[in-house]
Amino acid sequence: MNTIEELRKYLLGEFSASFSKNSIEPDEDLLSQGIIDSLGIMKLVAFMEKNFKIKIGNDDIIPENFQSLNTLKVFIEKKLGQ
Amino acid sequence: MVFDFSLEQLEFKKNAIKFAQKELNENIILRDKESTFSMDLWKKCADFGILGLPFPKEYGGADSDILSTLSVMEGLGFGCKDNGLIFSINGQMWTVQMPLLHFGSPEQKRKYLSKLCNGEWIGANGMTEPGSGSDAFALITTAKLKGDHYELNGTKTLITNAPIADVFLIFANTDKSKGFMGITAFIVEKGSPGLTISKAIEKMGLKTSPMAEVILENCKVPIGNRLSREGNGATIFNDAIEWERSCMLASDIGVMEKQLETCIKYAKERKQFNTSISRFQAIAHKIVDMKVRLETARLMLYKVAWLKKTQDRAGMEAAIAKLYLSESLVKSCLDAIQIHGGYGFTTEYELERNLRDSVASTLYSGTSEIQKNIIARYLGL
Chain A
1 MNTIEELRKY
11 LLGEFSASFS
21 KNSIEPDEDL
31 LSQGIIDSLG
41 IMKLVAFMEK
51 NFKIKIGNDD
61 IIPENFQSLN
71 TLKVFIEKKL
81 GQ
Chain B
83 MVFDFSLEQL
93 EFKKNAIKFA
103 QKELNENIIL
113 RDKESTFSMD
123 LWKKCADFGI
133 LGLPFPKEYG
143 GADSDILSTL
153 SVMEGLGFGC
163 KDNGLIFSIN
173 GQMWTVQMPL
183 LHFGSPEQKR
193 KYLSKLCNGE
203 WIGANGMTEP
213 GSGSDAFALI
223 TTAKLKGDHY
233 ELNGTKTLIT
243 NAPIADVFLI
253 FANTDKSKGF
263 MGITAFIVEK
273 GSPGLTISKA
283 IEKMGLKTSP
293 MAEVILENCK
303 VPIGNRLSRE
313 GNGATIFNDA
323 IEWERSCMLA
333 SDIGVMEKQL
343 ETCIKYAKER
353 KQFNTSISRF
363 QAIAHKIVDM
373 KVRLETARLM
383 LYKVAWLKKT
393 QDRAGMEAAI
403 AKLYLSESLV
413 KSCLDAIQIH
423 GGYGFTTEYE
433 LERNLRDSVA
443 STLYSGTSEI
453 QKNIIARYLG
463 L
C-alpha cells in the first residue's frame with residue numbers, strides 16, 4: 001500500500017465517527033475541514049511515527065506538513081530520506 | 083520489569099520529606115485561612131532544588147530523570163502540608179519551564195529558564211479564557227504583528243500564579259482562519275505595557291496558590307518573545323498539558339500516603355464501644371480502599387513517567403493517570419474525613435483542607451470529563 005493510501009485508510013478509520021466521509025482527495029484541506037483537529041493531530045503523529053518508523057519533532061507539526069494527504073506524503077518522504 | 087527505586091532515588095526522596103516537614107509547614111492553617119502565598123517557602127523550595135529538578139544543569143537544574151523527579155515530588159507531597167505551594171510549583175515547572183525548554187530559543191532559555199529554576203522569577207501559564215476552558219483552542223485573545231512587536235488583546239482567567247508572576251506564557255490567535263494551528267505562544271514579562279493583573283480570585287481550596295485574571299490591552303510584546311514559530315501554540319500547549327497530566331499529581335501520591343498513615347494511626351487509637359475502631363470492618367474496609375487506590379495510582383503515575391522517559395509521547399496514558407489519580411485523591415480525602423468522624427470535619431485536624439484542595443485536581447489540566455473524552459478518542463470511540 002502506498003503512503004497516501006495508508007494515510008487515507010488511517011484517517012477514514014480514525015475519524016469516520018466524527019464526520020461522514022468515505023473518501024479523502026489527495027489535495028483536500030484536512031485542517032480547515034476539521035478532518036484533523038487538535039487531538040487528532042497528536043494521534044496522527046503517533047500513528048506516523050509507528051507506521052513509517054520516523055521521528056516527528058514538535059517543530060514539524062506545522063500546517064504546511066499536515067494540510068493534505070499530499071503534503072503529508074512529502075513530509076514523510078523527507079523524513080525517511082533523513 | 084523492576085518496581086524498585088535505586089538507593090540514590092530513595093535517599094533523595096527521604097531528604098525531600100525531611101526538608102518539607104522541617105521547612106514548609108509553619109502556620110499552614112492560618113495561611114490557608116488568609117489565602118497567603120509564602121515567597122519565603124517558594125525560595126526555600128528553589129534553594130532545595132525542586133524547581134530545577136528535571137532541567138539541564140546549564141540553566142541551574144539538576145538534570146534529574148523524570149522517574150527520580152516524580153519520586154522527589156511524591157516525597158514533597160508526603161512531607162508538605164501546603165498543597166497550594168506545591169500546586170504553584172508544579173504549575174510553573176510543567177506549563178512554563180517545560181515549554182521554554184522544549185521550544186525556547188537559546189536566548190529565551192538563557193534569559194528565563196535560569197531565573198525560573200533558581201526561584202528568582204515566578205512563571206504563569208495563560209491559556210484559559212472566560213469563554214474557553216475545556217474547549218481550550220476556542221480562545222479569542224489576538225496577537226497582531228506590528229513591525230518589531232506584537233500587540234495582544236484579550237483576557238485570561240483562572241491563571242495560577244498570576245498575582246505573583248514575573249513572566250507569563252500567553253496563548254493568542256495570530257491567524258484565526260487556521261483554527262487551532264493559528265495559535266501562537268508569547269513570553270510576556272510583568273510590567274509590559276498593556277498588561278494588567280486583576281485582584282486575586284478567591285477559591286474553595288489551594289488557597290495559598292494565588293490566582294487572578296490577566297488582561298491584555300494592546301499589550302506590546304517584542305518579536306523576540308514569541309515562543310517558537312507563529313502557529314505552533316497548539317503544539318506547545320499539547321506538549322505542556324501532557325507533561326502536566328503526567329507529573330502534576332505526583333505530590334498527591336505523597337498526600338494520599340500521609341493520609342493513609344494518619345488514618346491507620348487514628349483508627350487504632352480511637353476507641354468506641356470499648357474497641358479500636360480499626361476492628362470495625364466499616365472502617366477497615368475504607369482504609370483498605372485508600373491503600374488500593376494509593377498503590378494503583380502510584381503504579382499508573384510511574385508507568386506514565388516511564389513512557390515519557392522512553393518514548394516521549396503518552397497522550398492516552400497521561401489522561402488515564404490524571405483521571406485516576408485525581409478521582410482517587412478526592413475519594414481518599416473523603417474517606418479520611420469519614421474515618422475521623424466529627425473531628426475530621428474540624429480545621430484543626432487538617433483533613434478538611436486536603437479535601438478542599440483535592441477537588442481542584444478533577445478540574446485543572448482538563449476536567450475528568452475531558453480526560454474521559456480523550457481516552458475515548460484514543461480508543462477509537
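Chains as they are written, first to last, in our numbering: chain A, 1 to 82; chain B, 83 to 463.
Using N, Cα and C, we set each Cβ at its ideal position, and we do this for glycine too.
Under 7 angstroms by beta carbon: chain B residues contacting residue i
i, result
"Met42 of chain A", "Asn320 and Gly397"
"Asn58 of chain A", "His184, Phe185, Thr317 and Asp321"
For residue j and residue i, believed in contact at Cβ under 8 angstroms, the rounded distance
i, j, result
"Leu376 of chain B", "Glu339 of chain B", "6 angstroms"
"Tyr232 of chain B", "Arg308 of chain B", "7 angstroms"
"Thr256 of chain B", "Glu211 of chain B", "Not really, about 16 angstroms apart at Cβ, beyond 8 angstroms."
"Gly159 of chain B", "Val337 of chain B", "5 angstroms"
"Met372 of chain B", "Asp417 of chain B", "5 angstroms"
"Asn200 of chain B", "Gly142 of chain B", "5 angstroms"
"Val303 of chain B", "Ile279 of chain B", "Actually they do not touch by this definition, with Cβ atoms about 16 angstroms apart."
"Phe15 of chain A", "Ile35 of chain A", "6 angstroms"
"Ala349 of chain B", "Ser358 of chain B", "7 angstroms"
"Asp149 of chain B", "Trp388 of chain B", "It should be pointed out that residue 149 of chain B corresponds to Leu in this sequence rather than to Asp. Yes, Leu149 of chain B and Trp388 of chain B are in contact; Cβ-Cβ is about 7 angstroms, under 8 angstroms."
"Gly205 of chain B", "Asn243 of chain B", "7 angstroms"
"Leu298 of chain B", "Thr223 of chain B", "6 angstroms"
Where residue i meets chain A, residues with beta-carbon distance less than 7 angstroms
i, result
"Ala316 of chain B", "Ser38"
"Arg380 of chain B", "Those do not exist, as Arg380 of chain B stays about 26 angstroms from chain A at its closest Cβ, beyond 7 angstroms."
"Ile456 of chain B", "Leu39"
"Arg327 of chain B", "What Arg327 of chain B touches in chain A: nothing, since even the nearest Cβ is about 13 angstroms away."
"Arg375 of chain B", "Under the 7 angstroms cutoff, chain A gives no residues; its nearest Cβ is about 28 angstroms from Arg375 of chain B."
Chain B contact residues for residue i, given Cβ-Cβ distances below 8 angstroms
i, result
"Glu14 of chain A", "Gly462"
"Pro63 of chain A", "Lys260, Met263 and Gly313"
Bounding residues of the alpha helix (DSSP H) (the contiguous stretch that carries residue i)
i, result
"Tyr384 of chain B", "Gln363 to Gln393"
"Thr7 of chain A", "Checking the sequence shown, residue 7 of chain A turns out to be Leu, not Thr. Taken as a continuous stretch (DSSP letters only), the alpha helix (DSSP H) holding Leu7 of chain A covers Thr3 to Phe15."
"Asn97 of chain B", "Leu89 to Glu105"
"Asn165 of chain B", "Asn165 to Gln174"
"Asn307 of chain B", "No alpha helix (DSSP H) contains Asn307 of chain B, which DSSP labels as neither H nor E."
"Val45 of chain A", "Ser38 to Phe52"
"Asn207 of chain B", "Where Asn207 of chain B is concerned, there is no enclosing alpha helix (DSSP H), although the beta strand (DSSP E) it sits in stretches over Gly205 to Gly208."
"Phe130 of chain B", "Met121 to Phe130"
"Ser187 of chain B", "Segment: none, Ser187 of chain B is in no alpha helix (DSSP H) and carries neither H nor E."
Residue closest to residue i, alpha-carbon to alpha-carbon, out of the options
i, options, result
"Leu251 of chain B", "B:Gly201, B:Gly208, B:Leu411 and B:Leu195", "B:Gly208"
"Val374 of chain B", "B:Leu342, B:Phe137, B:Lys385 and B:Gly157", "B:Leu342"
"Lys404 of chain B", "B:Lys350, B:Asp122, B:Ala102 and B:Ser440", "B:Ser440"
"Ile132 of chain B", "B:Leu198, B:Ala366, B:Tyr460 and B:Thr344", "B:Leu198"
"Ala396 of chain B", "A:Gln82, A:Lys43 and A:Leu69", "A:Lys43"
"Asn436 of chain B", "B:Ile365, B:Lys238, B:Leu277 and B:Ile168", "B:Ile168"
"Glu108 of chain B", "B:Glu156, B:Gly161, B:Ile148 and B:Asp145", "B:Gly161"
"Thr290 of chain B", "B:Pro245, B:Ala144, B:Leu277 and B:Thr151", "B:Pro245"
"Gly215 of chain B", "B:Phe253, B:Arg438 and B:Leu149", "B:Phe253"
"Lys413 of chain B", "B:Asp334, B:Lys454 and B:Ser360", "B:Asp334"
"Gly261 of chain B", "B:Glu90, B:Phe219 and B:Cys345", "B:Phe219"
"Lys163 of chain B", "B:Ser146, B:Leu112, B:Ser187 and B:Ile148", "B:Leu112"
"Ser196 of chain B", "B:Ile148, B:Ala144, B:Val154 and B:Met155", "B:Ala144"
"Thr151 of chain B", "B:Tyr384, B:Gly205, B:Thr392 and B:Arg438", "B:Tyr384"
"Gly315 of chain B", "B:Gly426, B:Leu106, B:Asp114 and B:Thr266", "B:Thr266"
"Phe101 of chain B", "B:Val249, B:Asp114, B:Met83 and B:Glu156", "B:Glu156"
"Glu105 of chain B", "B:Glu90, B:Asn243 and B:Asp122", "B:Asp122"
"Ser408 of chain B", "B:Lys391, B:Arg361, B:Met330 and B:Gln393", "B:Met330"
"Leu411 of chain B", "B:Leu221, B:Asp394, B:Thr444 and B:Lys390", "B:Thr444"
"Lys454 of chain B", "B:Gln103, B:Ile369, B:Met398 and B:His184", "B:Met398"
"Phe319 of chain B", "A:Leu12, A:Leu39 and A:Leu7", "A:Leu39"
Proximal chain B residues relative to residue i, where beta-carbon distance stays under 9 angstroms
i, result
"Leu31 of chain A", "Lys260, Gly261, Phe262 and Met263"
Under 9 angstroms by beta carbon: chain A residues contacting residue i
i, result
"Phe160 of chain B", "Correct list: empty, because the minimum Cβ distance to chain A is about 33 angstroms."
"Arg308 of chain B", "Per Cβ cutoff of 9 angstroms: no residues; Arg308 of chain B is ~14 angstroms from chain A at best."
Residue i - containing beta strand (DSSP E), residue span
i, result
"Thr224 of chain B", "Thr224 to Lys228"
"Glu299 of chain B", "Met293 to Pro304"
"Phe268 of chain B", "Ile265 to Glu271"
"Asn65 of chain A", "From DSSP, Asn65 of chain A is part of no beta strand (DSSP E) but of the alpha helix (DSSP H) over Pro63 to Phe66."
"Ile483 of chain B", "Because residue 483 of chain B is not part of the residues shown, which for chain B are 83 to 463, the question remains open."
"Phe250 of chain B", "Val249 to Asn255"
"Leu277 of chain B", "Leu277 to Ile279"
Within chain A, partners of residue i - CB distance below 8 angstroms
i, result
"Phe219 of chain B", "Ser38"
How about the segment 352–370 of chain B and the segment 122–130 of chain B: do they share at least three Cβ pairs that are nearer than 8 angstroms? no
Taking one C-beta from the segment 88–96 of chain B and one from the segment 261–272 of chain B each time, how about it: are there three or more such pairs within less than 8 angstroms? Judged by Cβ distances under 8 angstroms, the segment 88–96 of chain B makes no contact with the segment 261–272 of chain B, as fewer than three pairs qualify.
Pair every Cβ in the segment 134–141 of chain B with every Cβ in the segment 184–202 of chain B, then say whether three or more of these pairs are closer than 8 angstroms. Judged by Cβ distances under 8 angstroms, the segment 134–141 of chain B makes contact with the segment 184–202 of chain B, as three or more pairs qualify.
Is it the case that the segment 107–118 of chain B contacts the segment 56–74 of chain A, given that we only count it when at least three CB pairs across the two stretches are under 8 angstroms? Taking 8 angstroms as the limit for Cβ pairs, the verdict is that the segment 107–118 of chain B does not touch the segment 56–74 of chain A.
Given 8 angstroms, three or more beta-carbon pairs between the segment 418–438 of chain B and the segment 375–392 of chain B: no
Would the segment 401–419 of chain B count as touching the segment 445–463 of chain B if we require 3 or more Cβ pairs under 8 angstroms? yes
Check whether the segment 22–39 of chain A and the segment 59–79 of chain A touch, using three or more Cβ-Cβ pairs below 8 angstroms as the test. yes
Inter-stretch contact at 8 angstroms, needing at least 3 Cβ pairs: the segment 450–460 of chain B / the segment 413–423 of chain B: no
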